[in-house]
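Let me begin by presenting the structure, written as structure tokens, before commenting on it.
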Amino acid sequence: MATNTNFLHELLEISSPQGQFPFDIDFRTLIAFAPNDSAVAWASQGYFITVVLNHSTDNTSQNCKRALFSKENLSRRRVIIVESNAAVLSIAFGYASLSSFIFLLGSARNEMKKNDQGSVLLLAAGMDDGSIRIYCPKTGSFLMQLLDHRSNVCDIKFSPSTASMRSTLLSCSRDSTLKLWDMDDQGNMFRTLEGHGKREIVTCCSWSFDGKYAASGGTDTMLIIWETARWTPFHYLRSHRNTITCCEFAADNTLIASCSMDTSLILWNYHFGYPLAYFWHRIPAPQTVFQFSLNRHHVRDLSFSADCQHMATVCDDGNVRIWSINNVTCPKYIKTVQDCSSVAYSNDGSIFIIGDKKGSVQIYSARLSVLKLAFLARKIVLQNYTENDLMKENIPDVLKNYLHYSEVGIGHYAINSSASRTASFIRLLRGSTQPGVARCLLPISMPSARLHAMPRLPNTSSQFG
6 MATNTNFLHE LLEISSPQGQ FPFDIDFRTL IAFAPNDSAV AWASQGYFIT
56 VVLNHSTDNT SQNCKRALFS KENLSRRRVI IVESNAAVLS IAFGYASLSS
106 FIFLLGSARN EMKKNDQGSV LLLAAGMDDG SIRIYCPKTG SFLMQLLDHR
156 SNVCDIKFSP STASMRSTLL SCSRDSTLKL WDMDDQGNMF RTLEGHGKRE
206 IVTCCSWSFD GKYAASGGTD TMLIIWETAR WTPFHYLRSH RNTITCCEFA
256 ADNTLIASCS MDTSLILWNY HFGYPLAYFW HRIPAPQTVF QFSLNRHHVR
306 DLSFSADCQH MATVCDDGNV RIWSINNVTC PKYIKTVQDC SSVAYSNDGS
356 IFIIGDKKGS VQIYSARLSV LKLAFLARKI VLQNYTENDL MKENIPDVLK
406 NYLHYSEVGI GHYAINSSAS RTASFIRLLR GSTQPGVARC LLPISMPSAR
456 LHAMPRLPNT SSQFG
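Just so you know, the sequence shown maps onto residues 6 to 470 in the numbering used here.
Given below as structure tokens:
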């Protein structure tokens with residue numbers, strides 16, 4: 006994934022309304038993709054949300070992106086500007102039961118019944134007044150307002166549509182709490198979480214792809230992993246030395262990444278609660294005493310690619326970096342974007358968007374490459390088996406280490422792939438009590454990493470703005 010990136014030249018300019026604001030805001034362009042990439046939204050001017058959506062009946066991921074980002078399919082693309090009465094601090098797409106919103110959709114209800122098969126796509130926006138506003142992205146109409154937070158809503162995330170649970174909205178706030186809203190019950194708030202300090206700001210939250218875990222971070226420098234079955238803390242992860250600005254789970258249900266104002270990006274194994282690798286944006290890495298001071302290397306945002314092998318980060322030094330999890334020393338790509346503030350991968354990882362503080366967005370295509378069979382096998386195994394189950398199996402240590410991402414941050418991991426060793430590994434795995442593991446895992450050599458000069462993304466670009 007993402008062996009190269011090209012700017013999408015086929016885009017038209019889309020302008021958001023320019024507003025005048027009574028107070029000084031350090032604007033950050035917020036970006037969100039719909040779960041199937043059928044729509045993308047960004048909040049770029051405080052009170053306005055721009056929604057670009059696919060207006061065709063073919064909602065496959067590839068066709069959705071083709072309709073969104075190609076001049077050849079302008080007839081399938083709709084642009085909607087949503088205006089709010091409060092400053093937008095966070096946005097998210099998600100699905101909910103159509104029956105819960107059928108009376109609020111108005112003229113759009115017949116179209117929803119025809120196309121959405123029992124579910125409705127929602128756009129949620131967290132506001133600076135503590136409210137959460139729910140919109141219909143297909144029409145831009147306001148549906149409802151959720152009230153319970155006492156201060157700014159810093160981040161919001163919908164539970165994954167693939168999870169076997171009711172549609173739930175997770176929000177975090179400057180009031181030190183996280184709240185859970187049942188979107189299948191017209192947004193009923195059913196739980197408040199208070200794991201962070203009473204005077205701390207909870208700045209970010211995220212869901213794991215299977216919905217079994219959630220995460221939150223804030224000004225207390227602590228990343229909390231929550232077990233969603235009982236909504237109790239599962240791990241307290243402490244390695245950052247300054248405010249955590251963003252956290253995001255990987256699709257393999259094992260990794261989570263967090264970035265901070267201490268200039269670092271940390272990759273964690275959240276099942277066991279330990280850091281796997283540190284990716285520093287300031288070289289040399291700052292000493293502890295300087296990690297609290299003002300500098301030009303605060304990391305503001307991150308996004309995980311769908312292949313779980315790459316992460317994109319935005320830093321105050323004006324650079325967007327794309328990292329490989331196997332190389333902590335040097336980013337794979339680096340792109341200078343003036344006043345960059347946010348970055349987001351599409352759900353399939355083939356596109357990522359960079360936003361700046363002025364309200365402009367730049368959309369790039371990330372070229373896909375064939376992943377190694379060993380990595381694909383590990384991803385499938387970890388999506389279907391817990392690490393505790395795997396530890397009980399009669400699996401060679403070298404494969405257990407690989408399942409624990411022992412190559413992360415080192416840049417080198419090799420398995421002896423001689424015919425005899427391969428045959429013995431397969432025989433051992435076939436003796437497993439869980440045959441799915443034996444069918445998935447194959448020992449495959451992985452090449453040593455070589456340190457290359459940081460290539461830069463193309464400077465020629467056009468942009469939304």
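Glycine included, every Cβ here is placed at the ideal spot set by N, Cα and C.
A residue is called buried when at least 16 other Cβ atoms come within 10 angstroms of its Cβ; asparagine 393 does not meet this threshold and is exposed. DSSP places isoleucine 385 in the helix class (H, G or I) of the three-state scheme. Take the alpha-carbon of methionine 396 and the one of leucine 408: they are about 10 angstroms apart.
A buried status is given to leucine 58, since no fewer than 16 other beta-carbon atoms sit within 10 Å of its beta-carbon. In the structure shown, the three-state DSSP call for valine 57 is strand. Nearest to lysine 203 by C-alpha distance, out of Asp225, Phe357, Ala262 and Cys320, is Asp225. A contact between stretches requires three or more CB pairs, one per stretch, nearer than 8 angstroms, and the segment 211–221 fails this requirement with the segment 362–376. Scanning the segment 341–378 for uninterrupted beta strand (DSSP E) segments of 3 residues or longer gives 345–350, 356–361 and 366–371, listed from N- to C-terminal end.
By the neighbour-count criterion, in which a residue is buried when 16 or more other Cβ atoms sit within 10 angstroms of its Cβ, tyrosine 338 is buried. Out of Gln191, Ser166, His240 and Ile271, the CA that lies nearest to the CA of histidine 201 is found in His240.
By DSSP's assignment, lysine 203 forms no beta bridge with any residue.
Apart from the 5 residues on each side of it in sequence, alanine 256 sits with its Cβ closer than 7 angstroms to the Cβ of Phe214, Ala311 and Cys313 in its chain, given in chain order. Among the bridge pairs identified by DSSP, tyrosine 140 is matched with Leu128 and Phe147. In the DSSP assignment, glycine 99 forms a beta bridge with Leu127.
Around the beta-carbon of arginine 301, fewer than 16 other beta-carbon atoms lie within 10 Å, marking it exposed. At a Cβ-Cβ threshold of 8 angstroms, aspartate 160 and threonine 233 do not count as neighbours. Taken atom to atom, the span from the alpha-carbon of valine 84 to that of asparagine 332 is near 39 angstroms. Of the candidates Leu198, Gly354 and Ser102, Ser102 places its Cα closest to the Cα of arginine 171. For the 8 angstroms CB-CB criterion, arginine 138 and lysine 362 do not form a contact. Between phenylalanine 195 and glycine 99, the gap from beta carbon to beta carbon reaches 8 angstroms or more. Nearest Cα to threonine 318 within the set Ser105, Glu253 and Pro291: Glu253.
Shown here for threonine 248: same chain residues with a beta carbon closer than 6 angstroms to its own, the five before and five after excluded, namely Thr224 and Met266 in chain order.
With a cutoff of 8 angstroms on beta-carbon distance, serine 136 and leucine 151 are scored as near each other. Residue range 82–88 is occupied by the beta strand (DSSP E) that includes glutamate 88.
Here proline 142 is buried. Its C-beta has 16 or more other C-beta atoms within 10 Å. Contact check for valine 304 against valine 325 fails: the beta carbons are separated by 8 angstroms or more.
When the beta-carbon positions are compared, phenylalanine 309 and tyrosine 350 come within less than 8 angstroms of each other. Taking C-beta separations shorter than 6 angstroms and ignoring five residues to either side along the sequence, the partners of alanine 91 in its chain run Met132, Asp133 and Asp134, following chain order.
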